[in-house]
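Visitor: Attaching a single structure in structure tokens format; questions to follow.
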Amino acid sequence: MIEPYRLRINGGVLSPGELKYICEAAEYLGLDAISFGSRQDIIFPEEIDESKFSQFDKIKFVKPKRDGVENLSSSYVSADILPSTSWLTSDRYLYIIEQFKHNLKLRVNVTDPKQRMVPLFTGNVNFIASEHEDYWYLFIRLPGWKKTQMYPALIYSWDMDKIELAIENVLQEDPENVETIFQLVSDAVDTNNRTVDKPLEVPFYPFPYYEGMNRIGDKYWLGLYWRNNRYDIKFLKALCEICAENKVGKISITPWKSFIVKGIPSESKLDWEKLLGRFGINVRHSMLEMNWHLPVNDKEALNLKKYLVTNFDQNDISTYGLTFGITSFDSTTYNFTSIVIEKNKAPESVGDFVIRDTYNLLYAKNFDPNTREYIVHVQDVDMVELPGLLMELSKLYFENLGNESVDDEADIVISETLEEAVFQCSECLTVYNKIYGDVTQDIPPNTSFENLPVTYQCSVCEAPKSSFEKRTLVSKI
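Below is the structure:
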């Protein structure tokens with residue numbers, strides 16, 4: 206997959222004027238839509254002509270893997286609308302974010318532990334607000350590290366940038382733990398650190414509903430989500446214009462491929478509703494589909510999400526407070542959802558045997574991704590099994606809501622390899638194995654395929670017996 210161009214949006218915050226400039230650049234480059242990334246950056250989804258970049262000197266187009274430039278993620282988006290640490294105001298966020306002017310080599314998070322919109326530990330360098338005004342916990346997980354480690358001091362707000370830069374500068378030393386980093390950074394820069402007097406406490410809150418027009422005080426905030434993550438440029442430009450008319454100074458991008466506009470005057474609410482109506486914008490999506498994280502431009506993941514959400518909807522299942530992520534065996538990103546659906550690497554097939562995709566299901570301890578501990582629920586299951594298993598996990602979440610611990614780590618059994626002859630439907634790839642028979646059609650175990658009645662049909666797609674072909678199955682026992 207071609208790596209798309211990204212625009213670094215510091216802290217996921219930009220002015221309406223900046224967003225309009227980006228939209229004009231996108232139009233000039235032949236785009237009709239832009240997308241938002243999980244690092245609160247902006248993505249140009251199609252291939253574009255690099256020779257035209259010089260026309261827009263205020264924009265730096267980057268490819269993080271190629272250029273080694275990362276975005277700073279922040280929970281500014283949640284300020285004033287979700288629970289927050291008392292001293293961490295919107296203005297304070299902006300002053301702090303403004304420090305970080307160099308091209309970041311590491312992923313940096315600046316977050317409030319009392320909100321749930323923005324994950325706390327998905328960066329390499331994670332600053333998390335403490336109860337002491339202008340002091341932050343620091344949790345580090347450098348590339349290659351398996352676990353996040355806490356820095357042994359609280360960081361002063363106005364030292365954050367130089368400490369992050371000092372950490373970048375010691376990467377060449379290949380530090381193996383946070384104690385080494387602390388020593389190297391302390392030798393390199395003067396800081397106003399404070400002693401850690403208590404562990405970080407992260408209260409659990411259900412994941413919030415963040416869409417639509419919502420009142421807070423004497424103003425409104427608007428959350429917008431598009432399921433295909435392709436935001437129409439004409440609409441965004443019109444939105445920027447009404448922001449300017451209403452003196453709305455900032456637009457905030459979420460990690461969930463959506464954005465929020467805060468500070469809408471009460472007297473202008475009707476004008477905003479007219480704007481949404483004029484462009485046919487839906488602001489009442491089901492929570493079933495808004496709490497997902499998918500890889501960018503991954504059609505296979507998007508189709509899997511649609512399949513699962515449809516099953517949830519048909520069965521009237523509530524997923525309020527939960528979040529879901531779809532990832533693959535080779536993903537290098539950190540999980541930050543309550544439940545993770547992980548696609549396995551396809552095994553090497555034997556002969557002409559066709560193998561369907563299988564998945565693992567993991568859930569965060571207490572269904573709280575901020576615990577950074579994931580428990581294996583099941584492994585190597587077929588796609589058709591996922592809806593029932595996810596509903597099972599959803600019920601488990603509600604049954605244990607408020608309890609300290611949900612489950613211990615599941616045992617994983619490694620077994621021996623077995624090759625056996627089976628028959629596979631050529632239409633949908635369902636396997637008939639004589640060991641199990643077919644309970645859906647009252648076929649008892651140990652019934653050979655040859656002894657099945659002529660009227661036998663595939664239990665999934667109802668293809669006739671003649672559609673089955675003999676294959677060799679490699680399995681675990």
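Residues in the sequence shown are numbered consecutively from 206, following our numbering. All residues carry an ideal CB built from backbone N, CA and C; glycine is no exception.
Considering Cα atoms alone, identify which of L513, S289, Y512, D503 is closest to S533.
Guide: Residue D503 is the option with its Cα nearest to S533.
Visitor: My output table needs one value for I522: the three-state DSSP class, helix, strand or coil.
Guide: If DSSP states are grouped into helix, strand and coil, I522 belongs with coil.
Visitor: Let's test the definition: count the other Cβ atoms within 10 Å of the Cβ of N308 and tell me whether it reaches 16, buried, or not, exposed.
Guide: Its Cβ having fewer than 16 others within 10 Å, N308 is exposed.
Visitor: Between which two residues does the alpha helix (DSSP H) carrying F261 extend?
Guide: Here F261 belongs to no alpha helix (DSSP H), and DSSP marks it neither H nor E.
Visitor: Would T459 pass as a contact of Y414 if the rule is Cβ separation under 8 angstroms?
Guide: Against a cut-off of 8 angstroms, the Cβ pair of Y414 and T459 comes out as no contact.
Visitor: If I'm right that R435 touches S240 with Cβ under 8 angstroms, what's the distance once you round it to whole angstroms?
Guide: About 6 angstroms; that satisfies the 8 angstroms criterion.
Visitor: Would you kindly report the start and end of the unbroken alpha helix (DSSP H) that includes A334?
Guide: Where A334 is concerned, there is no enclosing alpha helix (DSSP H), although the beta strand (DSSP E) it sits in stretches over 330-334.
Visitor: Just how far apart, CA to CA, sit I617 and D585?
Guide: For I617, the pLDDT reaches just 28, beneath the cut-off of 50, and the residue's location in the model is therefore unreliable, although a value from the coordinates is still provided. Taking the straight line joining both Cα atoms gives about 11 angstroms.
Visitor: If you reduce the DSSP assignment to three classes, tell me which class W292 lands in.
Guide: In the structure shown, W292 sits in coil (DSSP, three-state: anything other than H, G, I, E or B).
Visitor: Do you know offhand how far M418's Cα is from N487's?
Guide: Between M418 and N487, the C-alpha separation is close to 11 angstroms.
Visitor: With C-beta atoms as the reference, is I546 less than 8 angstroms away from Y564?
Guide: In this structure, Y564 lies closer than 8 angstroms to I546 by Cβ.
Visitor: For S491, tell me which candidate among K442, F412, L444, V514 has the shortest Cα-Cα distance.
Guide: Of the listed residues, the one whose Cα sits closest to S491 is V514.
Visitor: Measuring straight from C-alpha to C-alpha, what distance separates E632 and P500?
Guide: Rounded to whole angstroms, E632 to P500 spans 29 angstroms at the Cα level.
Visitor: Among F440, L299, S279, Q260, which residue has its Cα nearest to the Cα of P318?
Guide: Closest by alpha carbon: S279.
Visitor: Using the rule of at least 16 other Cβ atoms within 10 Å of the residue's Cβ for burial, across every protein chain shown, is Y281 buried or exposed?
Guide: When all chains shown are included, Y281 counts as buried.
Visitor: What residues in its chain sit with their C-beta under 6 angstroms from that of N638, if we drop five residues either side in the sequence?
Guide: Only V627 meet the Cβ criterion.
Visitor: Can the beta-carbon of K670 be found less than 8 angstroms from the beta-carbon of L657?
Guide: Their beta carbons are under 8 angstroms apart, which means K670 touches L657 by this criterion.
Visitor: Under 8 angstroms, do R271 and D246 count as touching if we go by C-beta distance?
Guide: The answer is no: Cβ separation not under 8 angstroms.
Visitor: Below 8 angstroms, how does it come out for the stretch 298-313 and the stretch 518-525: are there three or more Cβ pairs, yes or no?
Guide: Contact between the stretch 298-313 and the stretch 518-525 is absent, because fewer than three Cβ pairs lie under 8 angstroms.
Visitor: Between M322 and the rest of its own chain, which residues show a CB-CB distance below 7 angstroms, the 5 nearest in sequence each way excluded?
Guide: If we look at M322 and ignore the five residues flanking it on each side, its Cβ neighbours are S280, V282, S283, L287, P413, Y415, T459.
Visitor: So, are the CB atoms of A393 and N374 less than 8 angstroms apart?
Guide: Yes.
Visitor: So the candidates are N276, N508, Y226; which of them puts its Cα closest to the Cα of R213?
Guide: The option with the nearest alpha carbon to R213 is N276.
Visitor: Give the C-beta separation of R249 and A231 to the nearest angstrom, bearing in mind that I take them to be a contact with Cβ-Cβ under 8 angstroms.
Guide: It is Phe, not Arg, that sits at residue 249 in the sequence shown. Yes, F249 and A231 are in contact; Cβ-Cβ is about 6 angstroms, under 8 angstroms.
Visitor: Put W461 into one of helix, strand or coil per three-state DSSP.
Guide: W461: coil per DSSP, three-state reduction.
Visitor: Just verifying my parser: in three-state terms, what is the DSSP assignment at M687?
Guide: Absent from the model: residue 687. The displayed extent of the chain is 206 to 682, so no value can be given.
Visitor: Quick check: what's the CA-CA separation for T635 versus V665?
Guide: The alpha-carbon atoms of T635 and V665 are separated by roughly 7 angstroms.
Visitor: Tell whether a beta-carbon distance below 8 angstroms holds between K707 and Y425.
Guide: The chain is shown only over 206 to 682; residue 707 falls outside these bounds and no answer can be derived.
Visitor: Based on DSSP bridge pairs, tell me the residues matched to M418.
Guide: DSSP lists L427 as partners of M418.
Visitor: Evaluate K439 with the Cβ neighbour count: other Cβ atoms within 10 Å of its Cβ, from every protein chain shown; 16 or more gives buried, anything less gives exposed.
Guide: The residue is exposed, with fewer than 16 neighbouring Cβ atoms inside 10 Å.
Visitor: For Q320, count the other beta carbons within 10 Å of its own beta carbon; 16 or more makes it buried, fewer makes it exposed. Which is it?
Guide: Label assigned to Q320: buried.
Visitor: Compare the Cα-Cα distances from K452 to each of I253, S463, G468 and report the closest residue.
Guide: Among I253, S463, G468, the Cα nearest to that of K452 is on G468.
Visitor: Just tell me which of Y539, D562, T538 has its CA closest to the CA of L509.
Guide: The option with the nearest alpha carbon to L509 is D562.
Visitor: A551 to E505, Cα distance in whole Å?
Guide: Approximately 15 angstroms, taken between the alpha carbons.
Visitor: So the candidates are Y410, T576, D402, Y661; which of them puts its Cα closest to the Cα of T327?
Guide: Of the candidates Y410, T576, D402, Y661, the one whose C-alpha sits nearest the C-alpha of T327 is T576.
Visitor: Less than 8 angstroms between the CB atoms is what I'm expecting for I185 and L441, so what's the real figure, rounded?
Guide: Here the chain has residues from 206 to 682 only, and residue 185 is not among them.
Visitor: Between the C-alpha atoms of D423 and S220, what's the straight-line distance to the nearest angstrom?
Guide: The alpha-carbon atoms of D423 and S220 are separated by roughly 22 angstroms.
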